[in-house]
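Structure, as structure tokens:
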Amino acid sequence: MPLATESLTPSQLRELEQVDARHVPRLAVFLMLYLGAAALSVVLAARDAAWTDWLARAPLYLIAAASLHGISLFTHEAVHGGLARRPWLNRLGGIACALPVLQNYAAYKVLHLKHHADLGGGKDPDHYANYTGRRWLELLMHVGRLLLGYPAYITMIPILGWRQGTTAERRWVMFEVALAVASLTAAVIFIPGQVLLHAWAIPMLLLNTLVNVRGMSQHTFLPESTHPVRGSRTILSNPVTRFFMCNENYHLEHHLYPRVPWYNLPELHRTLRADLVAQGAPFIPSYFSFVRGVLSGSLIRGAKPATPDA
């Protein structure tokens, strides 16, 4: 089956793939939101620790987590060359956006590009069926990912990236591991424990859920995991979620045209939508719908073991 390109001309694609500085204002907003929410959380935490104070701080923790998550998404842009036009700026920006959430840009780049090259196939590091032939164990891995995936992610990605990377890529992986360890050690030594707890550790716990749901929603429980259209899922979502997600919810469109930067994905979606719907694109309305489908079992029952396209 051909890709959904009938509505997209080569000149339109070239225009959509143009990289510019529109990510800079969004990064600045995320940074200001995070710093503001984190600082206010610390101030409020200095008061008596009544349960009502925790309720008052909860929205601040969520804003801090969503902002950190938004910053980390620019690591993904850097992997695809969409953060800057110069490769060294992409790497520098990718590392800088990955470090606050303990991600490893170099390792992630190794694995993510393999994922794009063999979606749902035997060499896709994100396809859990490649790690076990037991269906029940694969489902257990998915449940574990939904609940506690991020700690495993930041631990295993450098290991897997180092194993599968070239010599040069391995050097970068180890450099970033050392940088993360040094940064975390310095933070523990020089930042007061209460500040670190309320400004970073608690938002990171919430970020765990955000990352797990986002990552799992993209390809999990799709019966045609290798299909270029039906093997990736787009979450239509709402304006607030799309803002903090940097349009990452348009994941199917991203897989079809990975060089299109995040700020052009809505236009790409509008251009391709009719063709994608005609080809059975798995659009769903929200991330809540995805989680509900997983917990109810409806998505699991609808998914079959992946088979290559005929």
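Residue numbers (full-length UniProt numbering): 1 to 310.
For each residue, glycine too, the CB sits at the ideal point set by N, CA and C.
| Query | Result |
| --- | --- |
| As a quick exercise: from Ser-286, Gly-70, Leu-268, Leu-55, pick the residue whose alpha carbon is nearest that of Val-29. | Gly-70 |
| If you drop the 5 nearest sequence neighbours on each side, which residues of the same chain put their C-beta closer than 6 Å to that of Gly-121? | Thr-226 |
| For Tyr-54, is the classification buried or exposed, using 16 other Cβ atoms within 10 angstroms of its Cβ as the cut-off for buried? | The identity of residue 54 in the sequence shown is Trp, whereas the question assumes Tyr. Trp-54 should be labelled exposed. |
| Please return the same chain residues whose Cβ sits closer than 6 Å to the Cβ of Val-110, not counting the five positions on each side in sequence. | Gly-161, Gln-164, Gly-165, Glu-169 |
| Go ahead and label Gln-12 buried or exposed: buried means 16 or more other beta carbons lie within 10 angstroms of its beta carbon, across all protein chains shown. | exposed |
| Along the chain, where does the alpha helix (DSSP H) that runs through Trp-88 open and close? | 87-98 |
| Is the CB-CB distance between Trp-262 and Glu-77 below 7 Å? | yes |
| What would DSSP say about residue 316, mapped onto helix, strand or coil? | Here the chain covers residues 1 to 310 and nothing more, so residue 316 does not appear. |
| Can you check which of these residues, Asn-208, His-127, Val-177, is closest to Pro-223 by C-alpha distance? | His-127 |
| Any chance the region 58-66 sits against the region 200-214, with 3 or more Cβ pairs inside 8 Å? | yes |
| On the three-pair Cβ rule with 8 Å, is the region 89-108 touching the region 146-162? | yes |
| Give a single yes or no on whether Ala-278 has its beta carbon closer than 6 Å to a heavy atom of the ligand MG. | The ligand MG is not part of the structure shown, which contains no ligands of any sort. |
| Report the three-state DSSP secondary structure of Thr-132 (helix, strand or coil). | coil |
| Check the C-beta distance from Gln-194 over to Ala-21 and give it rounded, since I have them as a contact under 8 Å. | Contact flag wrong, Cβ pair sits at about 37 Å. |
| Runs of 4 residues minimum, wholly inside the region 7-46: which ones carry the alpha helix (DSSP H) assignment? | 10-16, 23-45 |
| In chain order, what residues of the same chain have a beta carbon less than 7 Å from the beta carbon of Gly-93, not counting five sequence neighbours either side? | Phe-74, Ala-78, Leu-83, Ala-84 |
| Once the 5 residues before and after Met-1 are set aside, which same chain residues still bring their CB inside 6 Å of it? | Note that Met-1 scores a pLDDT of 39, beneath 50, so its modelled location is shaky; the value from the coordinates is reported in the next line. Excluding residues within five positions, none has a Cβ falling inside 6 Å. |
| By the three-class DSSP mapping on this structure, what secondary structure does Thr-241 have? | helix |
| In chain order, what residues of the same chain lie with their CB nearer than 8 Å to the CB of Ser-183, ignoring the 5 residues before and after it? | Leu-99 |
| By alpha-carbon positions, which one of Pro-87, Ile-191, Met-216, Val-173 ends up nearest to Arg-145? | Met-216 |
| So the candidates are Gly-149, Leu-33, Tyr-250; which of them puts its Cα closest to the Cα of residue 366? | Only positions 1 to 310 of the chain appear in the structure, and residue 366 is not among them; the question remains open. |
| Please report the straight-line C-alpha distance between Val-277 and Ala-58, rounded to a whole angstrom. | 39 Å |
| Please report how far the alpha carbon of Leu-137 lies from the alpha carbon of Asn-238, in whole angstroms. | 34 Å |
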